[in-house]
Amino acid sequence: MTLVRFYILEDSHPAAREKFACRLAVKGFNAGVKTFFNMPDARACQRLDELLWTFSDQSFVPHEISTDSESAGCIIAIGHDIEPASDFEVLINMAPDVPHFFSRFQKTFEIIDGHEDNKAQGRSRWSFYKDRGYPLENIPVQ
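One point on numbering: in the numbering used here, the residue at position 119 of the sequence shown is 137, and numbering is uninterrupted.
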């Protein structure tokens, strides 16, 4: 059964979620974990793509923007409105809704910042997972 982990950020700055997502990408890449980022739209995909190139002077995270369900062998993929290839282990959901394919992953990560709208959406997603019996973790991040 998919483990669902909520990272709760104190920061409400608009870029806080994306920067934390980059930290998770680095961690996953270094561990060799195939990770798929589910984004809300193409613009969000582009922002994360650019941030993964520039967020740290000391690291670059090899990644690709996926336009279909096939994986080109990259360990980190970014997409929206697609169901990713079946070989990804971790889903990082940056979209406001729970994607229908989340249960194919070993782990699903949700990143919630301090913005009230995002907290409300996060509570809704928490309830969705909880009502269906998925194991949940809540990780505060300062």
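Quick reminder that beta carbons are idealized off the backbone N, C-alpha and C, glycines included.
Cβ-based neighbour list, residue i, same chain, cut-off 8 angstroms, excluding 5 preceding and 5 following
i	result
F78	L70, W71
E107	V51, K52, T53, F123, Q124, K125
H98	N56, M57, P58, D59, A60, A62, C63, A113
A34	L27, D131, G132
E155	L21, V22, R23, F24
Residue i burial status per 10 Å Cβ neighbour count (16 or more: buried)
i	result
L27	buried
H118	exposed
E157	Reading off the sequence shown, one finds Ile at residue 157, where the question assumed Glu. By the neighbour-count rule (16 or more Cβ atoms within 10 Å), I157 is not buried but exposed.
M19	exposed
E36	buried
A39	buried
R141	exposed
H31	exposed
Own chain partners of residue i with C-beta closer than 6 angstroms, once the 5 adjacent residues on each side are dropped
i	result
F127	R23, I110
F120	L109, T126
Y25	I129, I157, V159
Closest Cα partner of residue i within the set the options
i	options	result
I83	D29, F73, S74, E101	E101
Q76	R41, S30, I96, R65	R41
I96	Q139, A43, D29, F73	A43
Beta-carbon contacts of residue i that lie in its chain and below 7 angstroms, excluding the five residues immediately before and after
i	result
R143	V116, E128
C-beta neighbour in chain C for residue i, strict 8 angstroms
i	result
I130	In the displayed structure, chain C is absent; only one protein chain is listed.
Could you say if the segment 52-72 and the segment 131-145 meet the contact criterion of at least three C-beta pairs nearer than 8 angstroms? no
In the segment 19-72, which residue ranges form an unbroken beta strand (DSSP E) of at least 3 residues, counting only runs that do not cross its ends? 21-27, 53-56
Enumerate, from N- to C-terminal direction, the unbroken alpha helix (DSSP H) stretches of 4 or more residues contained entirely within the segment 69-156. 134-149
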